[in-house]
Amino acid sequence: MSATHRDALRAGLFYFVLAAVWLRVSDHLLNNFFDDSSDLARWQLINGYLLATVSAGLIFLARVRLYRFLGMGAQLRERRADRERLRQAAAVFDCTREGVLVTNHQGLIVHVNRAFIEITGYQRDEVIGQQPSLFKSGHHPPEFYQAMFATLAADREWSGEIWNRRKTGEIYPQWQTIRVIHDDAGRLSHYVAVFSDISAIKNSETELKHLAHHDPLTDLPNRLLFSDRAEQALASAQVHKRGCALLMLDLDHFKMINDSLGHSVGDRLLKAVATRLQDLFGLGITLARLGGDEFAVLAESCPQPAQAAALAQRILDALKAQILVDGHELFINASIGISLFPDDALSAEQLLRNADAALFKAKTSGRNGYALYTEELTAHARQRVEIAFELRRALEQQELRVYYQPVHDLQTRRVTGVEALVRWQHPQRGLVSPAQFIPVAERTGLIADIDAWMMQQACRQMCQWQRDGVVLSFVAVNVSSRLFARRELYQHVAQVLNDTGLDPAYLELEVTESAVMDDPDVALEQMHRLRELGVRLAIDDFGTGYSSLLRLKRLPVQKLKIDQGFVAGLPGDEDDAAIIQVIIALARSMGMQVHAEGIEQVDQAAFLLEQGCDLGQGYWFGRPVPAQDIEWMRAPVIG
Ligand code: C2E
Ligand code: MG
Ligand code: MG
Numbered sequence: 001m002s003a004t005h006r007d008a009l010r011a012g013l014f015y016f017v018l019a020a021v022w023l024r025v026s027d028h029l030l031n032n033f034f035d036d037s038s039d040l041a042r043w044q045l046i047n048g049y050l051l052a053t054v055s056a057g058l059i060f061l062a063r064v065r066l067y068r069f070l071g072m073g074a075q076l077r078e079r080r081a082d083r084e085r086l087r088q089a090a091a092v093f094d095c096t097r098e099g100v101l102v103t104n105h106q107g108l109i110v111h112v113n114r115a116f117i118e119i120t121g122y123q124r125d126e127v128i129g130q131q132p133s134l135f136k137s138g139h140h141p142p143e144f145y146q147a148m149f150a151t152l153a154a155d156r157e158w159s160g161e162i163w164n165r166r167k168t169g170e171i172y173p174q175w176q177t178i179r180v181i182h183d184d185a186g187r188l189s190h191y192v193a194v195f196s197d198i199s200a201i202k203n204s205e206t207e208l209k210h211l212a213h214h215d216p217l218t219d220l221p222n223r224l225l226f227s228d229r230a231e232q233a234l235a236s237a238q239v240h241k242r243g244c245a246l247l248m249l250d251l252d253h254f255k256m257i258n259d260s261l262g263h264s265v266g267d268r269l270l271k272a273v274a275t276r277l278q279d280l281f282g283l284g285i286t287l288a289r290l291g292g293d294e295f296a297v298l299a300e301s302c303p304q305p306a307q308a309a310a311l312a313q314r315i316l317d318a319l320k321a322q323i324l325v326d327g328h329e330l331f332i333n334a335s336i337g338i339s340l341f342p343d344d345a346l347s348a349e350q351l352l353r354n355a356d357a358a359l360f361k362a363k364t365s366g367r368n369g370y371a372l373y374t375e376e377l378t379a380h381a382r383q384r385v386e387i388a389f390e391l392r393r394a395l396e397q398q399e400l401r402v403y404y405q406p407v408h409d410l411q412t413r414r415v416t417g418v419e420a421l422v423r424w425q426h427p428q429r430g431l432v433s434p435a436q437f438i439p440v441a442e443r444t445g446l447i448a449d450i451d452a453w454m455m456q457q458a459c460r461q462m463c464q465w466q467r468d469g470v471v472l473s474f475v476a477v478n479v480s481s482r483l484f485a486r487r488e489l490y491q492h493v494a495q496v497l498n499d500t501g502l503d504p505a506y507l508e509l510e511v512t513e514s515a516v517m518d519d520p521d522v523a524l525e526q527m528h529r530l531r532e533l534g535v536r537l538a539i540d541d542f543g544t545g546y547s548s549l550l551r552l553k554r555l556p557v558q559k560l561k562i563d564q565g566f567v568a569g570l571p572g573d574e575d576d577a578a579i580i581q582v583i584i585a586l587a588r589s590m591g592m593q594v595h596a597e598g599i600e601q602v603d604q605a606a607f608l609l610e611q612g613c614d615l616g617q618g619y620w621f622g623r624p625v626p627a628q629d630i631e632w633m634r635a636p637v638i639g
């Protein structure tokens, strides 16, 4: 029984007792004090009035209490309903899967629910009284929060994706709605933020995106993503003036494996091929599976057809080794079609089409090979790849030879030095000129071994000549521009001199003008170091490399070798003649010797002598020959 009920019962009982006492008192008076009937009648009247008045009073009081009681009951019901509503709200607040955070008008957290604790990892007492900036992830710039508060001020509500940080430090995305609460006076009282953790949705979005762009079997990019990446790569290549190569690869006779061993073996073979190819490539190369047994490769920096051909050869070589699938030892070959940007096509779509056409060409010309989209390129690139392959063998099997070309003093007409020039005695192709293999050697890095070997041979030979009494003032060797800037060059030269015992003053290193001018500061440092060893330095092919005269003056160089291109036009070509005169004057002013190469006619030699050129080299004096064939005594008459 509630207190109100008890009050009402007590009041009823009181009135009942009061009425009973009154009746009892009336009855007593009636019996003991009235003997006269008129007194009795008066008393009865008074009593009747009194009874009526008291009854009316009692009824009035009872009614007042009843009304009060009824009113209190209503209030009570309302309060009970309110309490129920609050209880329900608290249950909802606590059971909801969305996190709820309430701050006061100062922005301090006053309330959080259970989901909040689960999502953020913070306990209630760790956040109450704190600012929500506690959860900031650093993912958004300040402008993001400024825009959010501007929307809250204008619309009283903001919804959007926001990245926050859990207690563990993990950053995760939320979908959040923030509402501004005002009190009755219209003053800001609270902010209520309701949010859900959408990292799962995001993950599945990413997963969906991944599925849409990747091949489910190999997890490689599919055609869609490949085309996309190719377009991006081409755009970047265009800006940076780079060449790209697109290779399309198709496994040979894959259908046979599928038909004979079943699709699951076929699938596993495709996966193994994908892994093997992926292991082969580094950064800047994208591998994709276009479908079936067709793969595509995009090399983002591949300026030369020969480089693309070399990449194709690497792929073919990598696939050569057997692949073990379910106990089956499988051997698989492939054919590759190559298309180049920008030579063959400018768009990814056209490159793919061209590569496809080239692939068809590769398939029809015997499979297990590659073909470039352009016919001539195929032959040329193949030759270069072959050369690179064979050159390695050439070094190991000592197929390289040193030829020496005499250099004559134009005044005395005597041989004063020799230039060592490399030759390749190829078992099938005969004597191969350096013009054919030096560029390949430079690209494959073999040039270091070739030049090292040449220097060793030349120094050894020079020592031999000195022992034989041949008087020469130098033996010149060419140093590739690829090696010139490297520190190892200095160490290597020192090593060779030490090994052979040649006096450094007899060794001349020829460096091309372009190698020097590519990075003049490095060249200057390197040249000073080499000079410290005591060797001579010459600039080869001078006149072709846009030398800066100022820089040239600072170089510790003893000789300029005029490029044969200027000698060829002599003496008729006025321009060539003028250039040669200038070079000779320049060399003189800087205290350098002048050496003209490519002299094929006597009047060229005569002109050069007349202009004051010191040294001459060319077919007219003598061709490059093996050491034993040099005619030391030959002193042709000039003019
Ligand atoms: P280079 O150093 O300017 O050598 C001179 C080239 O001109 C040689 O060609 C030589 O045979 C050729 N030559 C000489 N006299 C005449 C002539 O009267 N007429 C014509 N038309 N040509 C003449 P080679 O031996 O074919 O070498 C070509 C280039 O290959 C060399 O040019 C040099 O840059 C490079 N080279 C040769 N041997 C080596 C080497 O051992 N290492 C390096 N890094 N490069 C080398
Ligand atoms: Mg040379
Ligand atoms: Mg030269």
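The UniProt record's numbering puts the first residue of the sequence shown at 1, with every later residue one more than the last.
Note that the Cβ used here is the ideal one computed from N, Cα and C, for glycine as well.
These figures come from a predicted structure and were not determined experimentally.
### Query
If you draw a straight line from the C-alpha of Tyr-403 to the C-alpha of Gln-601, how long is it?
Rounded to whole angstroms, Tyr-403 to Gln-601 spans 22 Å at the Cα level.
### Query
Going by the C-beta, is Gln-457 closer than 7 Å to any heavy atom of ligand 1?
No - ligand 1 has no heavy atom lying nearer than 7 Å to the Cβ of Gln-457.
### Message
Can you determine whether any heavy atom of ligand 3 sits closer than 7 Å to the C-beta of Lys-559, and answer yes or no?
### Response
Of the heavy atoms belonging to ligand 3, none sits nearer than 7 Å to the Cβ of Lys-559.
### Message
For the stretch 401-416 against the stretch 606-617, do three or more pairs of beta-carbon atoms, one drawn from each stretch, fall closer than 8 Å, so that the two count as touching?
### Response
Output reads yes: the stretch 606-617 touches the stretch 401-416.
### Query
Can we count Ser-333 as close to ligand 2, meaning its CB is less than 7 Å from some heavy atom?
With the sequence shown as reference, residue 333 is identified as Asn, and Ser is not the correct amino acid for it. Here the distance from the Cβ of Asn-333 to the nearest heavy atom of ligand 2 is not below 7 Å.
### Thr-500 versus His-492: straight-line alpha-carbon distance, rounded
Thr-500 and His-492 have their C-alpha atoms spaced approximately 12 Å apart.
### Query
So is Tyr-145 buried or exposed if we call it buried at 16+ other beta carbons inside 10 Å?
An exposed status is given to Tyr-145, since fewer than 16 other beta-carbon atoms sit within 10 Å of its beta-carbon.
### Query
Are Gly-534 and Ala-505 touching if we call contact CB-CB under 8 Å?
When the beta-carbon positions are compared, Gly-534 and Ala-505 come within less than 8 Å of each other.
### Query
In terms of DSSP beta bridges, what is Val-496 paired with?
Paired residues: none, contrary to the question.
### Query
Between which two residues does the beta strand (DSSP E) harbouring Ile-117 extend?
That residue, Ile-117, is in no beta strand (DSSP E); its alpha helix (DSSP H) goes 114-120.
### Where Cys-302 falls: helix, strand or coil (DSSP)
Coil, per DSSP.
### the stretch 339-351 contacting the stretch 278-286, beta-carbon criterion three pairs below 8 Å
Flag = no, the stretch 339-351 and the stretch 278-286 do not touch.
#### Entry: Residue burial classification, Ala-153 (beta-carbon count within 10 angstroms, cutoff 16)
It is exposed - the Cβ of Ala-153 has fewer than 16 other Cβ atoms within 10 Å.
### Task
Confirm, please, whether the CB-CB distance from Val-567 to Ile-599 is below 8 Å.
Going by C-beta atoms, Ile-599 is nearer than 8 Å to Val-567.
### Message
Please return the same chain residues whose Cβ sits closer than 7 Å to the Cβ of Asn-222, not counting the five positions on each side in sequence.
### Response
Non-local beta-carbon contacts of Asn-222 in its own chain, meaning distances under 7 Å to residues more than five positions away in sequence, involve His-213, His-214, Asp-215, Ala-288, Arg-289 in chain order.
### Message
Taking 8 Å as the cut-off, does the stretch 411-424 touch the stretch 447-459 (at least 3 CB pairs, one atom from each stretch)?
### Response
The answer is yes - the stretch 411-424 touches the stretch 447-459, with three or more Cβ pairs under 8 Å.
#### Entry: Whole runs of the beta strand (DSSP E) within the stretch 181-231, excluding any shorter than 3 residues
Here the runs fully enclosed are 188-197.
#### Entry: Endpoints, alpha helix (DSSP H) assigned at Asn-258
254-261 is the span of the alpha helix (DSSP H), which, as asked, contains Asn-258.
### Message
So that I know if they touch, is there some Cβ in chain C lying closer than 8 Å to that of Ile-257?
### Response
Absent from the structure is chain C; it holds one protein chain and no more.
### Task
Look at Tyr-191 and Ile-178 and say whether their C-beta atoms are less than 8 Å apart.
Cβ distance < 8 Å, so Tyr-191 and Ile-178 count as in contact.
#### Entry: Separation of Arg-353 from residue 640, as counted between CA atoms
The chain is shown from 1 up to 639; residue 640 falls before or after that span and cannot be answered.
#### Entry: Reduced DSSP secondary structure (H/G/I, E/B, other) of Val-602
Correct three-state label for Val-602: helix.
### Query
Under the three-state reduction of DSSP, which class applies to Leu-247: helix, strand or coil?
It is a strand residue.
### Task
Identify, in the order they occur along the chain, each residue of the same chain with its Cβ nearer than 8 Å to the Cβ of Glu-300, setting aside the five sequence neighbours on each side.
Correct list, in chain order: Ala-233, Ser-236, Ala-237, Arg-242, Cys-244, Gly-284, Ile-285, Thr-286.
### Query
Under 7 Å from any heavy atom of ligand 2, does the C-beta of Asp-540 make it?
For ligand 2, at least one heavy atom lies less than 7 Å from the Cβ of Asp-540.
### Range of the contiguous alpha helix (DSSP H) that encloses Ile-285
Where Ile-285 is concerned, there is no enclosing alpha helix (DSSP H), although the beta strand (DSSP E) it sits in stretches over 285-291.
### Message
Quick check: is any heavy atom of ligand 5 less than 7 Å from the C-beta of Glu-488?
### Response
In the structure on display, ligand 5 does not appear, and the ligands it does have are ligand 1, ligand 2 and ligand 3.
### Task
Would you kindly work out how many angstroms separate the C-alpha atoms of Ile-630 and Phe-621, rounded to a whole number?
Roughly 11 Å between the two C-alpha positions.
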